[in-house]
Every structure is written in C-alpha cells, then in structure tokens.
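There are 2 protein chains.
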Amino acid sequence: MDQAAFLESYDPAAFERPSVAVDLILMSVVDGAPAVLLTRRDQHPFQGGWALPGGFVGIGESLDDAAHRLLAEKAHMADAYVEQLYTFGAVERDPRMRIISVAYFALIPACAFAAAMKGAPELALARLTLQPGGPVEARLPEGEPLALAFDHGEMLGVAMLRLRGKLDYSGIAFALLPERFTLRALQDVYEAILDTSLNKPAFRRRMLDRGWLAPTGERETGASFRPAELYRYQPSR
Amino acid sequence: MDQAAFLESYDPAAFERPSVAVDLILMSVVDGAPAVLLTRRDQHPFQGGWALPGGFVGIGESLDDAAHRLLAEKAHMADAYVEQLYTFGAVERDPRMRIISVAYFALIPACAFAAAMKGAPELALARLTLQPGGPVEARLPEGEPLALAFDHGEMLGVAMLRLRGKLDYSGIAFALLPERFTLRALQDVYEAILDTSLNKPAFRRRMLDRGWLAPTGERETGASFRPAELYRYQPSR
DNA sequence: TTTACTTATTCGCGTTGTGAACATAAGTAA
DNA sequence: TTACTTATGTTCACAACGCGAATAAGTAAA
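Each protein sequence line maps, in turn, to chains A and B. FYI, the numbering for the first sequence is 1 to 237, going by full-length UniProt numbering. FYI, the numbering for the second sequence is 1 to 237, going by full-length UniProt numbering.
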C-alpha cells in the first residue's frame with residue numbers, strides 16, 4: 001500500500017518503458033468464408049511466417065489514430081468500420097524486445113477488400129477457419145495452413161469470436177456489405193461468420209422485424225432468375 | 001508502403017515510448033446496486049478527485065500479471081474474476097505525460113468487497129448509476145456525484161456496459177456471489193446490473209434450465225420466514 | 001400447540017419468437 | 001409460350017417466455 005502510493009507518485013520516466021504497437025486485422029467475408037489480409041515476413045524472427053500488418057504508436061498519436069493511420073498506410077483505405085479488439089501484453093510475445101500490441105479489427109466489404117489488395121501487393125488474402133476449441137487456421141486459397149508469426153494466430157481467434165458474439169445484436173454485419181445488398185448476401189455473411197446454415201424464411205423475418213433494413217425498391221441485376229430486392233442499412237430504427 | 005516497411009524495420013528504441021499503466025475497476029453489487037472502489041487523489045492533477053487504483057506495468061511483467069499484482073497490492077485480494085476491459089490511449093488523457101492505460105475489471109462478491117475495504121482504508125466504496133446514453137455517476141452512500149479523475153468515468157461506463165452485455169451468456173454473475181447463494185440473490189445481481197426488475201418465476205426457470213446451477217440441499221439461515229435453497233455454480237454443464 | 005405471516009416454489013395460460021415445409025411470384029432462357 | 005431457378009410470402013407446430021395465481025415451507029407470535 002505504501003509501496004503502491006510510492007509507485008503512483010514515482011516519476012515513471014525512471015522506468016524502462018515498453019514499446020506500444022497496433023496490429024490490424026483487416027477482415028472481410030469473401031466467397032462465403034471469413035478472410036483476412038496478411039503479409040509475409042522476410043526477416044527474423046518468424047522469417048517466412050505470416051503476420052498482421054501493424055506499426056508503432058507515435059508518442060503524440062492516440063491508439064485510434066494509429067489504427068486509422070495504419071489502415072491508410074497499409075491498405076490505402078480511409079473509411080471502414082474499425083474497432084479496438086484486445087491488447088496483447090505477454091512479455092515474450094516478441095522475442096526481440098518488449099512490445100505491447102493493441103489489436104484492432106477493421107471490417108471491409110468484399111469489393112473494397114479486392115480493391116485494397118490491388119493497391120497493396122504485399123498483402124495476401126487468407127481464408128480463416130475456426131476450429132471449435134482450437135486455434136484458427138489461415139490458409140491461402142487452396143493452400144496449407146499458414147504459419148502465423150508472433151501471437152497473431154491468437155489475435156485472429158479473438159477477432160473471430162468477437163465478430164460472432166457481436167453479430168446478432170449489433171449492425172456489424174452491414175460493415176461487411178456494400179451499401180445496397182440482398183437479403184441472401186446478408187445471410188451469406190451470417191453463415192460465414194457463424195459457420196452454420198440458417199433457415200431462410202426465419203432469417204428473413206428476423207432481419208425485417210428488427211427494423212434495420214430499408215427496401216430501396218431496386219433489384220439486383222445480372223441474375224438469370226428472379227432478382228432479389230436490394231436493401232439498405234438504416235441503423236437508427 | 002515503403003514508409004510502412006521502413007517503420008517496421010526501424011529500431012523502435014529510437015522512438016519516444018509511452019508509459020503503460022493498468023487501472024483496476026474493482027466491482028461488486030452491494031445492497032442491490034453496482035459498486036466500485038475508488039481512491040481520493042491528494043495531488044495534482046485532479047487533486048481531490050476520485051480515481052481508480054492503478055499502477056505502471058513493469059518491463060518484465062505481462063499485462064495480466066500487472067493486473068493481478070495490483071489487485072493484491074491495492075486490495076489484498078488474491079482470487080477474483082479478472083478480465084481485460086479496454087485500452088485507453090487518448091494523447092491528453094493524462095495531462096502530465098503520455099500514458100496508455102489498459103483497464104481491467106475484477107468482480108468481487110459483496111462479502112469479499114467489505115473485507116477488502118477493511119484492509120485498505122484508502123479505498124472508498126462508490127455506488128454506480130448508469131444514465132441511459134450518458135456518463136456514469138459514482139457517489140458515496142448518500143452523497144453527491146463524485147468528480148472522477150482522468151478518463152476514469154469513461155472507463156466505468158465501458159465496464160458497466162461490458163458487464164451488462166456479458167451477463168446473460170456468461171457465468172459472470174456468479175463471480176459476484178459467494179460460493180453458495182440463493183436464487184433471489186442471483187436475481188438481485190441481475191436486477192442491479194441490468195437496472196430493471198425481472199419476473200421471478202421466469203428468471204428461476206431460465207436459470208435452472210440453463211443447467212449451470214447445482215442445488216446443495218442446504219437452506220439459507222437467519223430469515224424469519226421460509227428459507228430459500230442454496231445453489232452452487234457448476235460451469236461445465 | 002396453533003395461527004398468522006412472509007417468502008420460496010410450482011402451476012397454468014396467453015403471447016411471442018422460431019424452424020420447417022410448402023405455396024406463390026418474378027425474372028431469364030429455350 | 002413454357003420450363004426453370006430463385007426470391008418472397010404463408011401456414012402450422014413447438015418451444016420459450018411473461019405474468020398472475022396457487023401452493024408449500026419455514027419462523028414468530030398468540
């Protein structure tokens with residue numbers, strides 16, 4: 001207690017300070033499966049492993065600002081749903097030095113995801129599968145599970161679970177869709193994140209009863225059968 | 001991108017680093033209302049204001065370890081449900097210097113709460129009320145709302161909302177109760193956190209159907225009317 | 001010993017949400 | 001015009017839930 005009071009008043013400049021970084025989990029749902037953008041490491045540690053894009057937090061920069069800056073720098077995206085996920089602070093999580101990492105995830109519609117990959121060729125798309133009770137697996141399209149650097153596999157697991165948990169009671173799914181979308185596309189997002197198949201009429205009823213969807217009167221185009229109506233997300237009701 | 005790769009490889013020792021602290025939200029439900037332990041600040045900034053107990057994270061100490069160490073140092077408690085809440089990283093949140101704070105909350109049964117206060121006289125109990133859409137108010141028993149230091153009011157708000165959100169789908173409520181408890185006591189915890197009154201038979205049915213409760217066969221004592229059965233929390237079923 | 005009293009616990013009913021099967025509608029392409 | 005495919009709507013059974021009331025089980029006072 002006296003010790004605690006002492007620490008409270010002590011000049012913290014005397015302590016050695018950890019570095020603080022932000023790691024970005026750039027997520028989307030592509031072809032019916034959750035996906036994330038990773039970069040291949042060309043240096044030790046974890047050379048050849050796959051890592052989340054990230055960077056250090058500036059001394060005059062808030063955590064949220066750092067996340068948005070990295071989003072722009074790494075993926076050239078200005079607008080996305082960004083949310084702080086969790087802070088990872090194990091002592092040995094980076095073998096080089098003490099780095100505390102604040103993980104953020106950004107939800108990106110599949111179309112913007114593809115555009116971001118064109119602008120940032122060092123980013124690779126990996127599909128995620130969440131083993132029940134186990135770690136996540138990330139793999140390139142038709143590839144073996146990737147070796148993830150640092151504790152980034154753990155970060156992806158936390159992100160997937162957070163996404164699942166918030167799916168039904170928050171409008172988080174709409175951040176993964178373009179502005180106008182069909183109910184089928186919305187259901188595909190739900191099924192990809194929850195990794196289950198859902199009953200179509202029941203899903204439709206639940207979504208419409210929630211009052212978040214506004215019909216636009218427009219129809220999807222390009223289908224060789226009856227086109228579905230396009231809806232818009234209307235948060236406040 | 002080149003810039004990003006540069007930053008990635010750059011020696012972060014060259015950057016000025018923020019300090020990293022842990023702040024503890026020691027919560028309980030006392031007399032039917034959420035409560036938290038605060039300390040009065042005797043120095044600037046926020047002299048005379050009320051703050052959460054906290055301290056800096058050691059360079060060789062994980063965030064979780066720091067939280068548990070502070071729990072022992074500040075409240076003399078070894079076992080409690082401890083969970084990382086959120087990381088607050090606004091640049092000006094501490095006017096003296098850049099400090100990033102990782103907030104943890106600990107859930108403590110009312111009886112252990114009272115014991116902790118005896119062992120740590122600098123801690124004061126404040127009752128929390130969460131205004132819908134507004135900030136939380138913390139007040140001493142029969143007192144005016146307290147002036148909270150730093151962004152600690154915001155932290156309390158996030159903690160209350162997290163608690164509410166996790167209440168129904170996690171066994172978090174049982175961390176606020178002694179090992180054996182009555183259904184009425186459990187319902188009191190729910191009503192305090194959700195700030196609503198609940199239907200008693202329906203609550204009872206829901207809880208028992210969930211399969212988390214094991215009857216002990218014992219009865220509560222000291223009541224001048226029919227004593228209720230004591231239950232135990234049995235997580236895995 | 002009996003009675004009053006208070007709360008725990010259970011019961012029954014109407015309402016609501018949900019899953020499944022099925023019927024209908026609306027487009028394209030042959 | 002017809003076949004085909006998917007969107008959209010309807011119906012029904014069933015489970016969950018809120019609510020009120022009835023019953024049970026203790027203590028304390030008469």
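Every residue gets a Cβ at the ideal spot worked out from N, C-alpha and C, and that includes glycine. Just so you know, these numbers come straight off a predicted model, no measurement behind them.
Alpha carbon to alpha carbon, how far is residue j from residue i? Give it in angstroms, no decimals.
| i | j | result |
| --- | --- | --- |
| glycine 48 of chain B | aspartate 42 of chain B | 6 Å |
| valine 91 of chain A | isoleucine 25 of chain A | 21 Å |
| isoleucine 172 of chain A | isoleucine 193 of chain A | 11 Å |
| serine 236 of chain A | glycine 165 of chain B | 20 Å |
| alanine 112 of chain B | glycine 143 of chain A | 53 Å |
| aspartate 188 of chain A | glycine 32 of chain A | 6 Å |
| tryptophan 212 of chain A | serine 224 of chain A | 29 Å |
| leucine 7 of chain B | glycine 55 of chain A | Annotation note: pLDDT 48 at leucine 7 of chain B (below 50); position unreliable, coordinate value reported separately. For leucine 7 of chain B and glycine 55 of chain A, the distance between alpha carbons rounds to 7 Å. |
| leucine 177 of chain B | alanine 185 of chain B | 8 Å |
| arginine 210 of chain A | lysine 200 of chain A | 16 Å |
| phenylalanine 46 of chain B | alanine 149 of chain B | 5 Å |
| residue 258 of chain B | alanine 75 of chain B | The structure shown has nothing for residue 258 of chain B, since chain B only spans 1 to 237. |
| glycine 89 of chain B | glycine 60 of chain B | 21 Å |
| proline 121 of chain B | glutamate 154 of chain B | 25 Å |
| glutamine 3 of chain A | methionine 97 of chain B | Only weak support exists for where glutamine 3 of chain A lies, its pLDDT of 41 falling under 50; the value from the coordinates is given anyway. The straight-line gap from Cα to Cα measures roughly 22 Å. |
| methionine 1 of chain B | valine 82 of chain A | Reliability of the predicted coordinates at methionine 1 of chain B is poor, the pLDDT of 34 falling under 50, and no value is obtained from them. |
| arginine 232 of chain B | proline 145 of chain B | 36 Å |
| alanine 5 of chain A | aspartate 23 of chain B | Confidence in alanine 5 of chain A is poor, its pLDDT being 46 and thus under 50, which makes the residue's placement unreliable; the coordinate value appears in the next sentence. Cα-Cα distance, rounded: 14 Å. |
| glycine 134 of chain A | serine 170 of chain B | 19 Å |
| alanine 202 of chain B | proline 132 of chain B | 25 Å |
| alanine 206 of chain B | phenylalanine 174 of chain B | Looking at the sequence itself, residue 206 of chain B is arginine, so the reference to alanine does not match. Looking at the two C-alpha atoms, the distance is approximately 15 Å. |
| alanine 138 of chain A | valine 102 of chain B | 29 Å |
| phenylalanine 15 of chain A | threonine 87 of chain B | 20 Å |
| arginine 226 of chain B | glycine 217 of chain B | 14 Å |
| glycine 222 of chain B | arginine 204 of chain B | 22 Å |
| histidine 44 of chain A | leucine 230 of chain A | 48 Å |
Considering only the alpha carbon of each residue, which of the options lies closest to residue i?
| i | options | result |
| --- | --- | --- |
| aspartate 65 of chain A | A:Leu37, A:Ser28, A:Val29, A:Tyr104 | A:Tyr104 |
| threonine 182 of chain B | B:Asp195, B:Gln234, B:Glu154, B:Arg219 | B:Arg219 |
| valine 57 of chain A | A:Leu70, A:Val36, A:Ala51, A:Pro45 | A:Leu70 |
| serine 62 of chain A | B:Asp94, B:Leu37, B:Glu73 | B:Asp94 |
| valine 136 of chain B | B:Glu83, B:Tyr169, B:Asp195 | B:Asp195 |
| glycine 119 of chain A | A:Phe150, A:Arg139, A:Glu73 | A:Glu73 |
| alanine 21 of chain B | B:Leu130, B:His68, B:Ala228, B:Met117 | B:His68 |
| leucine 208 of chain B | B:Pro227, B:Gln234, B:Gly222 | B:Gln234 |
| leucine 37 of chain B | B:Asp79, B:Gly89, B:Thr87, B:Ala110 | B:Ala110 |
| alanine 228 of chain B | B:Arg180, B:Glu16, B:Ala147 | B:Arg180 |
| valine 30 of chain B | B:Thr87, B:Phe15, B:Val102, B:Ala115 | B:Ala115 |
| alanine 147 of chain B | B:Gly217, B:Val102, B:Trp50 | B:Trp50 |
Please tell me whether residue i and residue j are closer than 8 Å, where the distance is taken between their beta carbons.
| i | j | result |
| --- | --- | --- |
| isoleucine 100 of chain B | proline 18 of chain B | yes |
| methionine 27 of chain A | isoleucine 108 of chain A | yes |
| histidine 152 of chain B | leucine 52 of chain B | yes |
| arginine 40 of chain B | alanine 124 of chain B | yes |
| leucine 130 of chain B | glycine 157 of chain B | yes |
| proline 34 of chain A | leucine 140 of chain A | no |
| alanine 106 of chain B | alanine 80 of chain B | yes |
| leucine 167 of chain A | tyrosine 190 of chain A | yes |
Could you tell me which residues DSSP puts in a beta bridge with residue i?
| i | result |
| --- | --- |
| tryptophan 50 of chain B | B:Arg40, B:Leu148 |
| arginine 127 of chain B | B:Ala35, B:Arg139 |
| isoleucine 99 of chain B | B:Ser19 |
| serine 28 of chain B | B:Ala35 |
| glutamate 229 of chain B | B:Arg219 |
| alanine 214 of chain A | A:Arg232 |
| arginine 180 of chain A | A:Arg232 |
| glutamine 84 of chain B | B:Tyr104 |
| glycine 60 of chain A | Glycine 60 of chain A is not bridged to any residue. |
| glycine 55 of chain A | A:Val22 |
Chain B contacts from the stretch 130-154 of chain A (Cβ-Cβ distance under 7 Å): none
Interfacial residues, the stretch 12-27 of chain A to chain B, with Cβ spacing under 7 Å: Pro12, Phe15, Glu16, Arg17, Pro18, Ser19, Val20
The stretch 83-95 of chain A: which residues have C-beta closer than 7 Å to a C-beta of chain B, in chain order? Gln84, Tyr86, Thr87, Gly89, Ala90, Val91
Within 8 Å of chain B by C-beta, residues of the UniProt domain "NrtR DNA-binding winged helix" (173-232) of chain A in sequence order: none
By the 7 Å beta-carbon criterion, what residues does the stretch 100-117 of chain B contribute toward chain A? Ile100, Val102
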